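In case it helps, my numbering puts the sequence shown at residues 60 to 154.
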Amino acid sequence: GRLYFPNFVEAVVNTVCECTARALVQEGDSSVPPGSREATSAEIKKKAFFLLHLFGINDVSRILLLTRRPLREAVRTPAKDETQNSGVPNAPPGT
């Protein structure tokens, strides 16, 4: 099946935010009892940006490369001539 891009982006964002919030709570001040600390939205954004950068998906063009390139390559047929794919007609025979 085809990958539905908005759902993919939403899943990535949700996963990164969830992992970020958990990491921030675990890395938090040890004097605060576990489970009572909540990560602030600023902390989550900062940590999430770091994780996205680490994964190499720090901008939309990177996400597009991850999702669309495999789909485009799977659809291409190697038997077609490159000039036909570009819309340029072949030269008539004998020229």
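In this text, a Cβ means the ideal position worked out from N, Cα and C, and glycines have one as well. The structure presented is a predicted model; accordingly, all values stated were derived computationally and were not measured.
- Message: For Thr74, report the span of its alpha helix (DSSP H) as first-last.
- Response: Working through the sequence shown from its first residue, we reach residue 74 at position 15. Start and end: Phe64 to Glu86.
- Message: Can you tell me whether Lys105 is buried or exposed? The criterion is at least 16 other CB atoms within 10 Å of its CB, across all chains shown.
- Response: Taking the sequence shown and counting its residues from 1, one reaches residue 105 at position 46. Per the 10 Å Cβ criterion, exposed.
- Query: If you draw a straight line from the alpha carbon of Phe64 to that of Val84, how long is it in whole angstroms?
  - Reply: As a working mapping, residue 64 is identified with position 5 in the sequence shown. As a working mapping, residue 84 is identified with position 25 in the sequence shown. Distance between the alpha carbons of Phe64 and Val84 is about 30 angstroms.
- Message: Can you tell me whether Ala101 is buried or exposed? The criterion is at least 16 other CB atoms within 10 Å of its CB, across all chains shown.
- Response: Translated into the one-based positions of the sequence shown, residue 101 becomes position 42. Answer is exposed; the Cβ neighbour count stays below 16.
- Taking all protein chains shown into account, do 16 or more other C-beta atoms lie within 10 angstroms of the C-beta of Thr74, making it buried, or fewer, making it exposed? The residue given as residue 74 occupies position 15 in the sequence shown. Classification of Thr74: exposed, given that the 10 Å Cβ count is below 16.
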